[in-house]
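Residue numbers for the sequence shown follow this note's numbering, beginning at 16 and rising by one.
For each residue, glycine too, the CB sits at the ideal point set by N, CA and C.
As the structure is a prediction and not an experimental result, all values here were calculated from the model.
Notes for the one structure printed next.
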Amino acid sequence: MKKYALIFAVIFGFLFLAPGAVFAQRGGAASETIEIRIASMLPRNSDWGRSLDRIAAEWARVTNNTLRTRVIHDGLEGSEARMLSSLNTNHLQAALFSSLGLAHIVPEVMNLSVPFMIGNEAELDLVLREILPLLEQKASSSTNFVIITWSRGGWVNIFSREQVLAPDDLRRMRVASSSETENMNTVFRGMGFTLVDGEPNDMAPMLASGAISALYTAPAAIAPFGLHRTVGHMLDMPIAPFMGGLVMNRVTWDRLGPERQRAIIDVTRRIALEFDAAMPRTTANAISAMQRDGLRVNRPTPAQQALWRGEVERAMPPLLGNTFDRDMHNRINAILERARSGQ
């Protein structure tokens with residue numbers, strides 16, 4: 016089984032013909048044929064996988080077939096850390112990352128996933144409108160990567176073999192972790208949870224053997240792998256939004272030239288917006304399908320929800336300036352405070 020982990024993606028659809036006309040009229044760098052390999056941890060047979068196949072076709076179309084793109088699905092290029100290394104060596108030219116992979120490029124992205132900080136889609140809209148351009152600029156100016164587009168991967172929930180409603184329920188369990196989720200692991204350790212390290216593709220046998228009894232991921236990510244049949248329970252209290260992003264290495268980006276750069280950014284971001292709008296429905300459909308397959312969705316009371324938020328508030332202070340960027344944390348808090356006060 017390939018990596019299911021907290022992971023999210025950029026989705027693509029229909030485009031305008033105008034960008035392609037530019038390349039029909041111009042020569043120079045725009046006419047150079049470039050081979051592009053895009054890697055993804057996600058299954059080929061999923062909404063994300065099918066959409067990545069579509070982007071390969073659409074990039075070719077809007078550049079008059081001067082970009083020849085191959086998508087490598089199912090984690091065949093290895094972990095997100097491995098994919099990042101392959102981008103550096105130009106073995107890969109682009110890759111689809113979750114927040115965890117993006118954090119190796121712009122660490123501040125993990126501030127978007129502080130548990131229970133952002134409360135709903137409306138708040139997320141406000142935060143992303145201000146924060147994402149800052150992250151893109153930092154990546155472009157200080158790294159060897161370009162973030163072509165962002166997309167939302169849904170919200171992370173806790174899945175468990177036994178019912179979890181309050182923090183003490185989860186403390187009795189062994190929670191799956193990975194070195195690639197270290198930011199979230201640090202928060203959970205501060206809350207007193209027992210974490211068990213393991214590679215993502217080991218989660219199914221670890222669940223089956225009892226080595227772990229809980230994990231945290233997005234419903235739309237867990238459903239295609241059938242892990243809900245083993246865990247059996249989902250806490251109906253989203254922990255945090257999870258972002259995805261499509262990244263290209265600088266050497267390939269520079270070879271594209273300004274016209275092709277504008278074309279692929281325009282088309283990719285246009286369709287990413289459509290996917291973002293569809294993500295709540297995708298998540299709801301995934302949860303419904305898992306419920307029909309036996310998953311129990313457990314809703315905590317307001318008092319139990321307050322316990323979770325209180326635990327995170329106590330765990331966060333020593334992590335600011337270390338695990339999470341303090342300035343970005345303060346900026347996001349300011350956005351949320353303005354929104355909640357009606358400003």
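Across the structure, Ile133 and Ile254 are spaced so that their CA atoms are roughly 9 Å apart. Under the DSSP definition of a beta bridge, Ile87 partners with Ala54. Here the C-alpha atom of Ser128 lies approximately 12 Å from the C-alpha atom of Asn172. The continuous alpha helix (DSSP H) containing Phe290 extends over residues Arg265 to Arg307. The way I'd put it, the region 269-289 doesn't touch the region 224-232; fewer than three beta-carbon pairs between them come closer than 8 Å.
Inter-residue distance for Ile347 and Thr298 is about 25 Å (C-alpha atoms, whole angstroms). Three or more beta-carbon pairs separated by less than 8 Å are not found between the region 141-158 and the region 208-222, which leaves the two stretches without contact. Here the C-alpha atom of Gln108 lies approximately 43 Å from the C-alpha atom of Gln178. Within the model, the alpha-carbon separation for Arg324 versus Phe131 is close to 6 Å. Cβ-Cβ distances below 6 Å link Phe174 to Leu230, Val246 and Met249 in the same chain, with the five nearest sequence neighbours on each side left out; the list follows chain order. The three-state reading of DSSP puts Leu250 in strand, counting E and B together. About 4 Å separates the beta carbons of Phe257 and Gly168, which is inside the 8 Å limit, making them a contact pair. Note: Asn345 is not bridge-paired with any residue in the DSSP secondary-structure output. Shown here, Arg189 sits in a strand according to DSSP, grouped into three states. For Pro239, same chain residues with a beta-carbon under 7 Å away, outside a window of 5 residues either side, are Pro58 and Ser61 in chain order.
For Ser175, there is no enclosing alpha helix (DSSP H); the residue is part of the beta strand (DSSP E) that begins and ends at Phe160 to Ser175. Within the same chain, Cβ atoms closer than 7 Å to the Cβ of Met125 are found at Ser114, Ala118, Asn198 and Phe339, the five residues on either side in sequence being excluded. With a beta-carbon spacing of about 11 Å, Glu47 and Arg83 fall beyond the 8 Å limit used to define contacts. Minimum Cα-Cα distance from Pro148 among the listed residues Glu136, Ala137, Val161 and Glu138 corresponds to Val161. It is roughly 19 Å from the alpha-carbon of Met252 to the alpha-carbon of Leu351.
Boundaries of the alpha helix (DSSP H) harbouring Asn103: Glu95 to Asn103, taken from the DSSP string. For Arg69, the enclosing alpha helix (DSSP H) starts and ends at Asp62 to Val77. Residue state for Pro256 is assigned as strand, using DSSP reduced to three classes. Across the structure, Asp184 and Val211 are spaced so that their CA atoms are roughly 17 Å apart. Taking Leu91 as reference, the option from Ile53, Gly205, Leu261 and Met343 with the minimal CA-CA separation is Ile53. For the options Asp342, Ala304 and Leu99, the alpha carbon positioned closest to that of Leu261 is the one of Leu99. By the neighbour-count criterion, in which a residue is buried when 16 or more other Cβ atoms sit within 10 angstroms of its Cβ, Ser356 is exposed.
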